[in-house]
Each structure stands twice: as structure tokens, then as C-alpha cells.
Amino acid sequence: PEPSEAEEEIFQTIAQGINFDQYDNIPVEITGPGEMPTAVRSFEEAGLAPGVLENIKKAKYTKPTPVQKYALPAVLAKRDLMACAQTGSGKTAAFLLPVLTGILEHRDEFTSQLSEVQAPIALVIAPTRELATQIFNEARKFSHGTSIRPVVVYGGVSVAHQLRQVEAGCHLLIGTPGRLKDFMGRRKITLENLKYLVLDEADRMLDMGFMPDVKTIVSDFNMPEKEERHTLMFSATFPEQIQKLASDFLNQYVFITIGKIGSTHSGIEQKVVEIEDSGKRDRLVDILGNEGTNRNLVFVQTKRLADFLASYLCQNGFPTTSIHGDRYQQQREEALREFKRGEQTVLIATQVAARGLDIADVKQVINYDLPDEIEEYIHRIGRTGRIGNKGKAISFFTRGKDDGLARALVKTLADAEQEVPDWLEEVAETALGTGYGPKGGRFASKDTRDGGGGGQFNAMGNNDGWGGGETPAAGGGGGGAAEEDDWD
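In full-length UniProt numbering, the protein residues as written are 1 to 488.
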């Protein structure tokens, strides 16, 4: 179905929670060559386009989050940017607001709707269909009433329909790597006028093997060289491999770290429960029975289990739907709509839904199956406790099966000032292959360029423009890949 044109639906947003002001205590680091942009304290002082600013007010955004305070002035100053921030911290608006303002500055270069080949001013590449759709919905919200026409393309739905959308005019193009490459190969899109390139969830694109496609898009379709465009990379984690890739894509970039990279925030109450596989189903029913009409997001490892649990919970009186890679795109979108509206209070998901989804008011995340890697755990539980709201996360831990995550889990809980069960510490002490040392790797949060990319360093406290901020801790961890979904 076509997205709603009703203002009420366009401007739906997550209400800022009671912990929102605690964000002002989150430490911030910024490194890079040249003069560092000064943080902004309000959207009004950032220098955004009037139409964009008006939409911010309609969406009831009252003050910028930490990543927005520092990213907005950097992008508006035409600096390339790598930004690391916790999930649920407002990253999407952090790049969309200044990019939309920049697009409006180039409205004289907009391609005619009559043109057979569209030349967008900005391109956003995302790893999954759900994240691309989420970004598109935010772009519609912040560009509402302006001359900007955002378009989203992704696999799993009709090529013809999306081609018509592109041909009707496309100033901001959002998409997944495979479908973007396909459309450019059909010569329906040229990147010769591109001013902004955004890579969202860059680490996930690397993990999922999309970087060859991304490199093809950057190099083979007339995209201006990195010195002639502005490139932004956003993610919750930035392993060193991604930072090395940044030297290929970014020019003299600013590197911003908000809070501890690869960390959760204390607004999420985390609990780990020791349980055998055979007892999980009954325990899940008990937990959901105490939740009333609250929204619950349940993560499992396999598509088969997602469907089975959804059916089982429905039979037990819990309105439940599921989302995974074997469901048709239309089914996935409908499941998300029903969950967002509250028609279904439980959503069973595989990893396909773990990243980027802003579902308002998810009170609880349940890891029915723990993931193999700690960063996946962090992204999963980041679906709750968003934008300063309180949230809960319960994880089922099975000895012998989940031992490889134990050490990283202990450190993550401790960093977020959560209770660490004695039995989990015992498992961690004896578990093998679970190094989570200070040198990082998976969760590297340091600028790896020589001298921090030019030697300029500022730790910016959040209460004033510049101030002392503690150095974010780094860590690592990992395991094997879980069952893969069909992503693109």
C-alpha cells in the first residue's frame, strides 16, 4: 500500500521519555583535522532550512539529542562525518535534517519529472528493507511541504512500481545496495549531481557482505569523487575494518563518538534468566501475562521458531505477529504496521528486525534465543528505552549453548550498571573463546587515523559547548553467524 499522506501519521514520533535530560551527561569525543564545529543547543540555532525546522516543530522534537547536537553543525559546515552513537539516540534525524537543508540549497539542480533519467542530490544506503523504509518515513516527515521528493527502493517488491516512483521525481534516494545497483544498471538513475552520500549501519553492511555492491555504486555510476561530495557514515559500532574503509569513502572527516561504543544505556533494565530450552515457552507465557497491552518484541534465532511461537502465543490469547526473511515484503510491512498500531502486542522477530526500527513505545525486549555476538544483543535490546524512555530487556540463557557470550554479557551488564547474576559470572570465568579485552576490535571506538586524523581532539561535555568527557571504553567479542535471512 502507498504510504499515508495524512499529516497525523506522517508526524507520528516517539515521545521523549522522562530520562531525556539525562542524555546531557553522556560523554562525547570528537576528532579530526582542522577546526571542530561547535555543538548546538537547539534546532533553531543550527541553521536548518525554515521548512525543515517547521516540520521538526510539528513532529514535537523539542531539543536535539547528543548525536544531533554535534552532527548537525558538522554536516551543515560541509564536513564529512563518521558518527558512533547508541541505538535509539536519534541518528536518523542527525543526518536527514542537515542533508535535507543541503538538498534545498541545490533545488535549481533538481531533475525534471519529465526526465527519463533521475539525478538525485542525496543518496542514503541502508542494509535492510526495514531500515530503508524507516529512513524514508522520517524523510517524508522532515521534507513535508517542501519541494523535496524522497523515494525508497528495496528488494522483495515490484520493480515496476518502484521504477514509477523514481521516474516521478527523485531528489533524495534511499535504498538497499542490491536494488540500488539494479536501478542504476537500468540507467534510470545517475549519480552525477550527487552532493550527499550517507551510509547507515555501515558495520552491518560489512557483516552482511554488501560492501562490494556499495563500492560498485560509489565507483561505477558517475558519482563525484569524495573531494567533490559530502559523505556521512553512521552506526552504533565502528570496528577498525570499517574505519579503514572510511579512508576510501570520506575526505578529511570528523569522527564523533557519543557515549561508550558498543554499550547499552542505563535506561534499559536488563535481566538474564538461566533456563533450559524446554522451559522457555512456558516462561515466555508467564512474562507476557504480566505485560497487559504493552508492546513486546521477542527475538528468536530461526524463521521456523518465529512462526511456531507466533501461532502458539495467538492460541494462548496473546495477539502476536512475526517478521523474518521468508515472509513476503508486504507481509513484513503489514506485521510492523499492526505492531506499531497496537493491534498486535507481541512481535516475534529474527535478526532482520534488530536494526534501525523505531517502533514507538516498545516496553520490553525478550531474547528467547540469545544471539552469537554481543553487538547483536546490544542492537536488539536497543529497540526499547529509546529517546530517553525506560525499557526492559529479559534474556534467556541456556548453559552449554550460550556460554560463548557469557564474558561479553557480564561486561555489558556491568558497564550499564545492571545486576550481574553470580551464576553468569561463574559461567564467564570458565567459558572459552569469549575475549572482551581493552583492545577492542568489534567495538573499536577510537579514531584509528594517525594522530586521530590530524591531531585535533576535543572531549565535549554535553552541558556546555566544550568540556571534559571520559574516554569511551572499547571492547570486543563475537561468535559464529546465526541463521541468515534474505535481506535484499
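Ideal placement from N, C-alpha and C gives every residue a C-beta, glycine not left out.
Three-state class that DSSP yields for Ser-395 in the structure shown: DSSP places Ser-395 in strand when its eight states are reduced to three.
Limits of the alpha helix (DSSP H) - the one that Met-36 falls within: It is not in any alpha helix (DSSP H) - Met-36 carries neither H nor E in the DSSP assignment.
Complete beta strand (DSSP E) runs within the stretch 203 to 281 (minimum length 3 residues, chain order): Fully enclosed beta strand (DSSP E) runs of 3 or longer: 230 to 235, 254 to 258 and 268 to 274.
Whole-angstrom distance between Gly-342 and Asp-207, CA atom to CA atom: Going by the C-alpha atoms only, they are around 32 Å apart.
Residue range of the unbroken beta strand (DSSP E) whose run includes Ser-322: Where Ser-322 is concerned, the enclosing beta strand (DSSP E) starts and stops at 320 to 323.
Distance, Glu-105 Cα to Thr-144 Cα: One detail in the question is off: residue 144 reads as His in this sequence, not Thr. Whole-angstrom Cα-Cα distance: 16 Å.
Classification of Val-117 by the beta-carbon crowding that lies within 10 angstroms, buried from 16 upward: By the 16-neighbour rule on beta-carbons within 10 angstroms, Val-117 is exposed.
contact_flag[the stretch 150 to 165, the stretch 192 to 211] where n(CB pairs < 8 Å) is 3 or more: Taking a cut-off of 8 Å for Cβ pairs, the stretch 150 to 165 and the stretch 192 to 211 do not touch, as fewer than three such pairs fall below it.
Close beta carbons around Phe-397, own chain, < 6 Å, minus the five adjacent residues each side: Taking C-beta separations shorter than 6 Å and ignoring five residues to either side along the sequence, the partners of Phe-397 in its chain run Val-272 and Glu-274, following chain order.
7 Å Cβ cutoff, Ile-148 in contact with chain C: Of the protein chains in the structure, only one exists, and it is not chain C.
Per-residue burial, Ala-49 [other beta carbons within 10 Å of its own, 16 or more giving buried]: Looking at its Cβ environment, which holds 16 or more other Cβ atoms inside 10 Å, Ala-49 is buried.
Range of the contiguous alpha helix (DSSP H) that encloses Phe-136: Here the alpha helix (DSSP H) through Phe-136 covers 129 to 143.
Own chain, CB closer than 6 Å to Gly-385, minus 5 neighbours either side, in chain order: Excluding sequence neighbours, Gly-385 sits near Gly-267, Ile-268 and Gly-391.
CA nearest to the CA of Asp-307, picked from Arg-399, Ser-322 and Asp-277: Checking every option, the nearest Cα to that of Asp-307 belongs to Ser-322.
Nearest-angstrom Cα separation, counted from Pro-73 out to Glu-35: For Glu-35 and Pro-73, the distance between alpha carbons rounds to 12 Å.
8 Å contact criterion, which Leu-81 and Ala-46 should meet: CB distance rounded: No, Leu-81 and Ala-46 are not in contact; Cβ-Cβ is about 15 Å, not under 8 Å.
Unbroken beta strand (DSSP E) run spanning Thr-31, endpoints: 28 to 31 is the span of the beta strand (DSSP E), which, as asked, contains Thr-31.
Own chain, CB closer than 6 Å to Gly-465, minus 5 neighbours either side, in chain order: Model confidence at Gly-465 stands at a pLDDT of 34, short of 50, so the residue's coordinates are unreliable; what they give is reported in the following sentence. Closer than 6 Å at Cβ, skipping near neighbours: Thr-38 and Ala-39.
Beta-carbon proximity check, residue 514 vs Arg-449, cutoff 7 Å: Because the chain is modelled from 1 through 488, residue 514 falls outside the range shown and cannot be assessed.
CA-to-CA distance, Lys-340 to Thr-92, given in whole angstroms: Cα atoms of Thr-92 and Lys-340: separation of roughly 19 Å, rounded to the nearest angstrom.
Sufficient close CB pairs (3 or more, under 8 Å) joining the stretch 249 to 257 to the stretch 216 to 229: A contact is defined here as three or more CB-CB pairs under 8 Å, and the stretch 249 to 257 meets this definition with respect to the stretch 216 to 229.
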